[in-house]
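Structure, as C-alpha cells:
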Amino acid sequence: MTDRYNGIKDNQITASSSFSDQTMPYYGRLHISDEGAGAWIALDQDDKQWIQIDLLKRKVIQSVATQGRQGARQWIQDYYIYYTDSNEPIHWSVIKDDLGQPLLFDGNIDDNTVKFNNFSYPIVARYIRLNPQRWNNLISMRMELFGCDYRPFVAYLDGTSWIDLRLDLPGRATQTYIDEISFRFRTKEINGLILYGDSSQGDYFCVELYR
1 MTDRYNGIKD NQITASSSFS DQTMPYYGRL HISDEGAGAW IALDQDDKQW IQIDLLKRKV
61 IQSVATQGRQ GARQWIQDYY IYYTDSNEPI HWSVIKDDLG QPLLFDGNID DNTVKFNNFS
121 YPIVARYIRL NPQRWNNLIS MRMELFGCDY RPFVAYLDGT SWIDLRLDLP GRATQTYIDE
181 ISFRFRTKEI NGLILYGDSS QGDYFCVELY R
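Counting from 1, position 208 in the sequence shown corresponds to residue 208 in full-length UniProt numbering; the numbering is continuous, with no gaps.
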C-alpha cells in the first residue's frame, strides 16, 4: 500500500528525521534501490525515530514487510508499530501481544531480504508509524503495508430502544468467516447488555458489556 502504484504520494510518507536529501522518508519504499541512497535513514540514531504513512482515509491493515539498505549492511532488527484512525495523528495506539504488552516485531537479518510480519488481527487505521528499537549500523529501512479498503457495517441507535444493525444490505454478503464482530462505541455504563437475539431453532446472538 505504500508503493506509488497504489497512489501513495511522496508527501504521505514522513519521518522523525532524515540523514540527508538522499535518504528522505519516501525513499523508504519496499524494493527501492536505485533512487536516492536506496532507503530512509534517520538522522538521529536513537529509539525515538519513526517513519509514518498517511493513508488519507481509514484502511484495514493486515501485515507489514521491511528491508534494509541494500549493499550498505544497514537494517532494522526490531520495531514497534503505532497506529491511529483519527484525522489528526495525536493519540496513538500500539499493536500489543496476547499479554497486552507492546509487541516487538522481528525485523531483518540482512540488508536486502524482505521480512514479512502478519498481524494477529487486522487493524483499522489512517496513520501507521514504525518505530525502530534496534538496528545494525544505522537506522535504515524500506517498508510496505498490506491491507484493503475499510467498509464497515453501520449500527444505529435511537437512544431509547435497540441497536439496528443491517447485515443484509445489497452487495454486502455476510458470513462467519472468523466468527468475530467488532463494536466501537462510547457509553457511560461499565456493565450491561448491548444486544440479544434468538430464533425458534435455539440459535442466539448476544453482546454483553462487562468490565
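The C-beta atom is built at its ideal place from N, Cα and C for all residues, glycine as well.
Rounded to whole angstroms, the separation of the alpha carbons of N87 and N137 is 35 Å.
Contact check between the stretch 104–124 and the stretch 42–57: fewer than three CB pairs, one atom from each, fall below 8 Å, which does not count as touching. Under the three-state reduction of DSSP, T23 is assigned to helix. At least 8 Å separates the beta-carbon of S16 from that of F146. Look at the UniProt domain "F5/8 type C" (1–148) and you find these whole runs of beta strand (DSSP E), each 3 residues long or longer: 13–15, 51–67, 75–84 and 115–136. Sequence-distant partners of Q49 (beyond 5 residues in either direction) whose C-beta falls short of 8 Å from its own C-beta, in its chain, are A15, S16, S17, A42, N131, P132 and I139. In the structure shown, the three-state DSSP call for G192 is strand. Distance from the CA of N191 to the CA of P25, rounded to the nearest whole angstrom, comes to 45 Å.
At the C-beta level, S93 and Y80 stay beyond 8 Å of one another.
Residues G38, A39 and R142 of the same chain have their beta carbon placed closer than 8 Å to that of I32, with the five preceding and five following residues left out of the count.
By the Cβ neighbour-count rule, D21 is exposed, with fewer than 16 other Cβ atoms within 10 Å of its own. Inter-residue distance for N118 and I128 is about 15 Å (C-alpha atoms, whole angstroms).
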